[in-house]
Each structure stands twice: as C-alpha cells, then as structure tokens.
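**Student:** Protein chains in written order, with the working numbering: chain W, 1 to 430; chain H, 431 to 683.
We treat Cβ as the ideally placed atom computed from N, Cα and C, and that holds for glycine.
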Amino acid sequence: MDLSEKLRILGEGAKYDVSCSSSGSRRTNKPGGTGDAASSGICHTFTSDGRCISLLKILLTNTCIYDCAYCVNRRANDLPRAAFAPEELANLVINFYRRNYIEGLFLSSGVVISPDHTMELMIKAIRQLREVHNFNGYIHLKAIPGASPGLVDAAGRLVDRMSINMELTSDAGLKLLAPDKTRRGIIGPMTQIKDSIINYKKEKIYIKSAPDFVPAGQSTQLIIGATPETDLSIVKASENLYRGMNLKRVYYSAYVHVNQDSRLPVLNETPLLRENRFYQADWLMRFYGFKADEILDENTPFFDNNLDPKAAWALRHLDLFPVEVNAASYENLLRIPGIGVKSAQRIIKVRKLKSIRVEDLKKLGVVLKRARYFLTVGGVYAAGVPVKDKIIRTKLLEKKSLSDMQLKLFEPQAGFLTKEALNGGKNLFL
Amino acid sequence: MAEKIYFYDGTWQGIMSVYHGIIGGELEAGVMAKEKGENMQDDLFSEKIFVEAGEDKFTALKDRFIKAAGCDNYSMMLWAFLSEKRGIEGHILDFIRFALKNGKGSGNLLSEDEVMRVYSAAQQVRRECHRFKGFIRFEEIKPGMFYSGIEPDYNIIMLLAPHFKQRLSSQDWIIHDKKRNTAVFYDGSKCLYREVISFEMPDDSKEENEYKAMWLKYFQAMGIKERKNPHLQRQFVPVKYRKNMIEFDETGF
Chain W
1 MDLSEKLRIL
11 GEGAKYDVSC
21 SSSGSRRTNK
31 PGGTGDAASS
41 GICHTFTSDG
51 RCISLLKILL
61 TNTCIYDCAY
71 CVNRRANDLP
81 RAAFAPEELA
91 NLVINFYRRN
101 YIEGLFLSSG
111 VVISPDHTME
121 LMIKAIRQLR
131 EVHNFNGYIH
141 LKAIPGASPG
151 LVDAAGRLVD
161 RMSINMELTS
171 DAGLKLLAPD
181 KTRRGIIGPM
191 TQIKDSIINY
201 KKEKIYIKSA
211 PDFVPAGQST
221 QLIIGATPET
231 DLSIVKASEN
241 LYRGMNLKRV
251 YYSAYVHVNQ
261 DSRLPVLNET
271 PLLRENRFYQ
281 ADWLMRFYGF
291 KADEILDENT
301 PFFDNNLDPK
311 AAWALRHLDL
321 FPVEVNAASY
331 ENLLRIPGIG
341 VKSAQRIIKV
351 RKLKSIRVED
361 LKKLGVVLKR
371 ARYFLTVGGV
381 YAAGVPVKDK
391 IIRTKLLEKK
401 SLSDMQLKLF
411 EPQAGFLTKE
421 ALNGGKNLFL
Chain H
431 MAEKIYFYDG
441 TWQGIMSVYH
451 GIIGGELEAG
461 VMAKEKGENM
471 QDDLFSEKIF
481 VEAGEDKFTA
491 LKDRFIKAAG
501 CDNYSMMLWA
511 FLSEKRGIEG
521 HILDFIRFAL
531 KNGKGSGNLL
541 SEDEVMRVYS
551 AAQQVRRECH
561 RFKGFIRFEE
571 IKPGMFYSGI
581 EPDYNIIMLL
591 APHFKQRLSS
601 QDWIIHDKKR
611 NTAVFYDGSK
621 CLYREVISFE
631 MPDDSKEENE
641 YKAMWLKYFQ
651 AMGIKERKNP
661 HLQRQFVPVK
671 YRKNMIEFDE
681 TGF
C-alpha cells in the first residue's frame, strides 16, 4: 500500500478524537534539532467542518482486537486496515513539520495483540522521532487503556501530553458499549500519570536535569449523546476529573453515528449544540469559578437549548442582580452574562483610574446585548425592562435562531485567537 | 501659518525620530507621512520637512518610554505601527504622550481614545501574526532550503522571523512578503531582512509534489461530513489567505 493511502486510512480512523490542543508545554528546541513546543497553541489549518488541524492526528494502526460499539475502527467493521512502520511515521512527521503543515504529532492506535504490545510500537515511533530526528515539537500520545505502568512511564518521558479517553462516564455505559474496556483499565493509568506528573515535578525542584514528565499535562474525552446519562451527571463527572485527576482538559465529542448497532441510539443529527453547551459549562468551571451543581441541578438536569449555561444560571438567580459595575468584586463581575475574563479584568483596571460610564463598557469588551439586563452603571439600570425572568429571557432570545448559534459558538480550538494567544503566550486555556 | 508635514523613511526608527523632535519641542506639531507612501499630498500650502532617522534620537525616546511606560506598551506601539494604517503615526504620538503621563498601566485603559486606537491596531497585527504562524507553508526549493510566499494585510514578516528561527533552526528558509516585496532570509544562524527585486519560483521536485499531495489527502480525509460547516471554516481561514496554502486550490476551496 502506498504511503498516501495509508495516511488517508489512518487519518480517517483518528479524526473523531476532538483534541488538537498544542499549547502548554515547555519543551524548547535544541541545537541541530527541529521543532519547538514552548509556545501557545497554533492552528495550522481548518477542515471543512471548521475544526482546527494543529497536530498530525493519526493512528499507528487501525487494526483492533476490541469491538466498541461507537468506534469506527472496531473489529466487526469491514474496512481497509493499515499500519505504519515506526520509521515511516517518524519520517512523515518530520517532513510535514519542516514545511510548517503541522505543530506536532497526535498519535493514537487501535489495539493490536495486547495493550502492552501496542504501547511498545507507539513508543518506538516516538523514540525514533525524538532521538534519531532530534524532534522537539509537540507530541500528544493517546495511552492504551490497560497498558502496564512501566510503559506508561517510558512514554511519559518522551511526550508533551498524554491522554486516556474515558468516553463514557458510567459503568453501565461502558459495559454496554465498550465491553472489552474496564473502568479500572482507564482509571489505573490515569491515576499513574497524575501521580507521576506530581512526583517528577517535585524531583525537578532539586535536580534541574531531571526529565520532564508529560509537561503539557493530561486530558481525556467524553462522548456526548451515546448513552442516556443526564447533562448534570456528565458535568459532575468532568468536575471530578479536573479535581481528582488534575486534568488539564476534558474534551467533549458529540456522538457521530458511524456504526449500525442495536446498542446505540439512533439520533437524527449529531448533537453539536449539546456538545457546545458542555464546552461553555467547562469554561465556567475552569475560568469563572462555577461549580458543577451551580451550572445544572436536580430540577434542571439538562442544558437549555436556547440559553447558554451562564445566562440560564443568572435567570435562576435574579435576586443577585443587577450588579453595580463600579463596585462589584471581580468574582461577581464574572457572573454577569456578557462579561468575560478579559473584560472583567479591564473593568477592575480602569476603575482604579476613574468611574466607568455606560459608553466605556463596549470598549472594554462587554457584550451589552446580554449584559445590560444584569448590571447598573453608577446606580442606573439602563435596560429599560423590569428584572423579571420571562421578560429578560424573551429579550435575550430576540433575533437569535438556533442554527445561528450552532454556527458561531464553538470552542476556540487549540488556542486559536484565544486569550492565551493574545496574552503574549500566557496559557490561560492550558 | 502653513501646516507642517514631516516625512520619514518608513521605518520605526524613522518615525521615532520624528516623535523625538515633536515631544522634545524641537519640531512644531504637524502631520506625519512616509516618504514614499501613498499619502504624499500635493499640497501647496503645507510645509514639507524630511526628518532623518537618527540612532541617538531613536534610542533616547525608546529608553525614556520604556522607563516610564514599560516594554509591553512599547511593543504595542510597534505592532500598531506595522499595521501601516492611515493616520497611525498620529495615533501613536497621542499614545506616547498619554503613556508618558499615565505609566505602565496605560495600555489597559481602553476606555480612553488615545489607548483604544493604538490597542486595536496592535491587536489586529498580533492576530494576523498569530494566524500566519500556522498558515505559512514552506516548500523545499533546493535541498535544505525552504521557501514560503505570503500576502498578509500587515507588515508582519519581521514578527514571524523569531518564531521560525526558534523551531526551524536546522534548515535554511525564506519568508517572502509578495505584497511588499520584502523577505526574511534565514541561513542557519541569523535572519536578514531585505527588499526583493525579483524572485522566480523553481519547479517543484518530485519529492516536494509527493508531500504536497499527501498533505492535501490528509486534509481532505480529516473533515467529518456529519459536521460540515463551511461558514465556520471561512471564519477561521478567510478566503484571502487561502491562495498561498496548498490544501486549498486557487478558488479557495
């Protein structure tokens, strides 16, 4: 099989993984080497579905001994199978990188023979890149659930980020759709990576030459819409992953119907809006100080189709509004729909110089269309409608069709035009 | 009295020398324009003065500014200058005066016009520069020598050079701004910024064509048809940039 056909097959098999982030590492180029990972994330192009390509996202092989119901590469599927030889892949990566097609490698794989055997092959390819080609760019490795601790450790010293996809948050879901995987096989290595990151960091305090271990941190992915879990339970699971596993990122992937299988739901369309709501909730937890059970609760266990989770929260807590822009704390400014991290920071800075007027707000990046119903400026409430749920809700939804929102509200991928980029390389988004 | 027009050589050092004169009181207030720029007015009633770029004047103002207002505000001005927007020289002068008075936090005071004008121009330049760190495509035109031709809205190749010098340090490369006829050349140790008189693209080698074809194939394979969204793709990769990116054809798709 020629190389370009392999590239197509193994790229297609990897494309449902959503992460493409290439930021947050500190690996720098060495003399005579190629590549540098110590920068904010860079997107190199965007596919026809508007997702960024930053890393060469590819499988080492799409042959797999497992039969996960949702996965395009599962054993039962009749499709062309291919595999890279380690040197073949390393050579491709270095040549793509030298042409600035990519920011690095995102290597994943189907499971051949055993988890350990697969991990060994992946490590071989990465070692080839790092040691023979002297490649110092970004590498994200998808660890294989069930791989032995020794291999996870060896891999962690070579790569920038490692991830293990959780995919399904409940035991029942996992048993139903991925019967070959166990929760233990996922949690085990995840915990090991978390502990190693902490331990290697400690070592580095005393020994400067100690190796980095997964310097860009660990991430995972959850599938949205393949099993009947509530949004609340998934947001809670995500919160636990951030807290308990120190994850840098949790990615959410709208379930795409690729296989015919009676265990799978039949959805008329890919739940993109729901996926987007998860990213908004994720941002609220990571940068806005929200807890999972503030975003959703037992009475409202699912996201509102029409309102983003922050606006929905604000409408449930109208007793806290309106907030005075010239007096509110940073934390309370962040709770106002239409005010983000950047605009809240700017308000605080400008406030030191003078009091803020209504006409300043737009310049400071506040989205007045939403924010005006939730704030006062110098004691004046300028929205001109009573602070009542129904009224504000109607106002917020004016001239906003659903399809419109689906187009526009996507997660900023891999730091592209995000604050990390504009903050001169400070990695706000990891 | 006739209005003064100060001409400078088009460089940052040049305009800083004009600012030095105006702020120090040696020059009266006036408008500023590039020597070879399009805003060279044929205005009989104004007095035209050419101000020579001076290393001393430049350094004096630079040091004074950085001491009073910090490096971040200084690079913000430089980025804004590289936007080459009409009238940006005057806006930067206003900002220098504002920042000398208000200190290091000046750049955050976006409610003030003096800050906002320079900030927004700088932001556009910074954004385009960040985009091009990803969108640049090199091709190997001779063994070990890589070329990229781009047509950015703003004058960003000098800002791009350090980024590529860091990561592609073991190959020679050229980034050619085809719009401005300038280029940065990297020879394995240092970057040179030069004007380009003419450039002829050699034919691609067989190997080069193979990499291009593989990249295109990979790019096309990565789209998920259930999620197709050309509108979103256009937001992220505006059509104007696509003609220099090999994964898009001449029509931009």
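1) Pull up the distance between the alpha-carbon of H/Q465 and that of H/G451, whole angstroms please.
2) Would you give the residue range spanned by the alpha helix (DSSP H) that H/V545 belongs to?
3) Let me make sure I understand the geometry here. Which of W/W283, W/Q345 and W/S19 has the alpha-carbon closest to that of W/K57?
4) Where in the stretch 149-188 of chain W do unbroken runs of the alpha helix (DSSP H), each at least 4 residues long, occur, reported from the N-terminal end onward?
5) Between H/Y648 and chain W, is there a C-beta pair that is closer than 8 angstroms?
6) Locate the alpha helix (DSSP H) running through W/V367, then write down its first and last residues.
7) What are the start and end residues of each continuous beta strand (DSSP E) run of 3 or more residues lying completely inside the stretch 75-156 of chain W, in chain order?
8) Out of curiosity, what's the CA-to-CA distance linking H/E482 and H/D634?
9) Got a sec: is the Cβ-Cβ distance from H/F576 to anything in chain W below 8 angstroms?
10) Nearest-angstrom Cα distance between W/N77 and W/A155?
11) If you measure between the beta carbons of W/T34 and W/F135, is that distance less than 8 angstroms?
12) Just to confirm, is the Cβ distance from H/E570 to H/E638 under 8 angstroms?
13) Which of the three DSSP states is assigned to H/D607 in this structure?
14) Using a Cβ-Cβ cutoff of 7 angstroms, what residues of the stretch 589-617 of chain H are near chain W? List them in chain order.
15) Out of H/R516, H/M575, H/A529 and H/D486, which one is the CA nearest neighbour of H/S505?
16) Please classify W/L333: is it buried, with 16 or more other beta-carbons within 10 angstroms of its beta-carbon, or exposed?
17) Cα separation between W/D282 and W/F374?
18) Taking all protein chains shown into account, do 16 or more other C-beta atoms lie within 10 angstroms of the C-beta of W/K310, making it buried, or fewer, making it exposed?
19) I'd like the list of long-range same chain contacts for W/I295, defined as Cβ closer than 7 angstroms, with 5 residues on each side in sequence excluded.
20) Quick one: residues in its chain with C-beta nearer than 6 angstroms to the C-beta of W/K142, no 5 flanking neighbours on either side, listed in chain order?
21) Could you check whether the Cβ of W/L320 sits closer than 8 angstroms to any Cβ belonging to chain H?
22) Based on Cα-Cα distance, which residue from W/I186, W/K208 and W/G32 lies nearest to W/V132?
23) Are the C-beta of W/D308 and some C-beta of chain A separated by less than 8 angstroms?
24) Would you give the residue range spanned by the alpha helix (DSSP H) that W/I347 belongs to?
25) Please report the straight-line C-alpha distance between W/K426 and W/S40, rounded to a whole angstrom.
26) Among W/K204, W/Q218 and W/K352, which residue has its Cα nearest to the Cα of W/D212?
27) Only counting the same chain, and skipping five residues up and downstream in sequence, which positions put a Cβ closer than 8 angstroms to that of H/D617?
28) Touch check for the stretch 5-13 of chain W and the stretch 185-198 of chain W: three-plus C-beta pairs under 8 angstroms?
29) Tell me the DSSP secondary structure of H/R624 in three-state form.
**Tutor:** Judging by the given coordinates:
1) Position 35 of the second sequence, counting from 1, holds the residue named residue 465 of chain H. Position 21 of the second sequence, counting from 1, holds the residue named residue 451 of chain H. Residue identity differs from the one stated: residue 465 of chain H is Glu in this sequence, not Gln. Each residue's alpha carbon lies about 17 angstroms from the other.
2) By one-based count along the second sequence, residue 545 of chain H stands at place 115. Per DSSP, the continuous alpha helix (DSSP H) segment holding H/V545 begins and ends at D543 to F565.
3) Position 57 of the first sequence, counted from the start, is the residue given in the question as residue 57 of chain W. Nearest option by C-alpha distance: W/S19.
4) Restricted to the stretch 149-188 of chain W, the alpha helix (DSSP H) segments that are unbroken, complete and at least 4 residues in length are 149-158 and 171-177, listed in chain order.
5) What you label residue 648 of chain H is simply residue 218 of the second sequence in a count that begins at 1. Yes, H/Y648 lies at the interface with chain W (some Cβ there is under 8 angstroms from its Cβ).
6) By 1-based counting over the first sequence, the position of residue 367 of chain W is 367. W/V367 -> no alpha helix (DSSP H), and no H or E assigned at all.
7) 104-108 and 138-142
8) The residue given as residue 482 of chain H occupies position 52 in the second sequence. The residue given as residue 634 of chain H occupies position 204 in the second sequence. C-alpha separation (whole angstroms): 44 angstroms.
9) Translated into positions along the second sequence, residue 576 of chain H becomes position 146. Yes, H/F576 counts as interfacial toward chain W.
10) Here residue 77 of chain W refers to the residue found at position 77 when the first sequence is read from its first residue. Here residue 155 of chain W refers to the residue found at position 155 when the first sequence is read from its first residue. Their Cα atoms are separated by approximately 30 angstroms.
11) Mapped onto the first sequence, residue 34 of chain W falls at position 34. Mapped onto the first sequence, residue 135 of chain W falls at position 135. Their beta carbons are under 8 angstroms apart, which means W/T34 touches W/F135 by this criterion.
12) Translated into the one-based positions of the second sequence, residue 570 of chain H becomes position 140. Translated into the one-based positions of the second sequence, residue 638 of chain H becomes position 208. Yes, Cβ-Cβ distance for H/E570 and H/E638 is below 8 angstroms.
13) The count along the second sequence starts at 1 and reaches residue 607 of chain H at position 177. In this structure, H/D607 counts as strand in the three-state DSSP scheme.
14) Q596, R597, L598, S599, S600 and Q601
15) By one-based count along the second sequence, residue 505 of chain H stands at place 75. For H/S505, the nearest C-alpha among the options comes from H/A529.
16) Taking the first residue of the first sequence as 1, we reach residue 333 of chain W at position 333. The residue in question, W/L333, is buried, as its Cβ has 16 or more Cβ neighbours within 10 Å.
17) Walking along the first sequence from the start, residue 282 of chain W turns up at place 282. Walking along the first sequence from the start, residue 374 of chain W turns up at place 374. In a straight line, the C-alpha of W/D282 is about 22 angstroms away from that of W/F374.
18) Locating residue 310 of chain W in the first sequence gives position 310, where the first residue counts as 1. Classification for W/K310: buried.
19) Taking the first residue of the first sequence as position 1, residue 295 of chain W is located at position 295. Within its own chain, the residues whose Cβ lies closer than 7 angstroms to the Cβ of W/I295, once the five positions on either side in sequence are excluded, are V235, A281, L284, P309 and W313, listed in chain order.
20) Position 142 of the first sequence, counted from the first residue, corresponds to residue 142 of chain W. Once the five neighbours on either side are set aside, the close Cβ partners of W/K142 are S108 and S163.
21) If you number the first sequence from 1, residue 320 of chain W lands on position 320. By this cut-off, W/L320 is not an interface position.
22) Taking the first sequence and counting its residues from 1, the one referred to as residue 132 of chain W is at position 132. Out of W/I186, W/K208 and W/G32, W/G32 has the C-alpha closest to the C-alpha of W/V132.
23) Protein chains in the displayed structure are W and H, and chain A is not among them.
24) Start at 1 with the first residue of the first sequence, and residue 347 of chain W comes out as number 347. Looking at the DSSP string, the run of the alpha helix (DSSP H) that includes W/I347 is V341 to L353.
25) Here residue 426 of chain W refers to the residue found at position 426 when the first sequence is read from its first residue. Here residue 40 of chain W refers to the residue found at position 40 when the first sequence is read from its first residue. Bear in mind that a pLDDT of 30 at W/K426, under 50, signals an unreliable position, so the number given afterwards is only what the model happens to contain. Roughly 7 angstroms separates the two Cα atoms.
26) One-based indexing of the first sequence puts residue 212 of chain W at position 212. The candidate whose alpha carbon is nearest that of W/D212 is W/K204.
27) The count along the second sequence starts at 1 and reaches residue 617 of chain H at position 187. Excluding residues within five positions, the ones whose Cβ falls inside 8 angstroms are D602.
28) no
29) Position 194 of the second sequence, counted from the first residue, corresponds to residue 624 of chain H. Three-state result, H/R624: strand.
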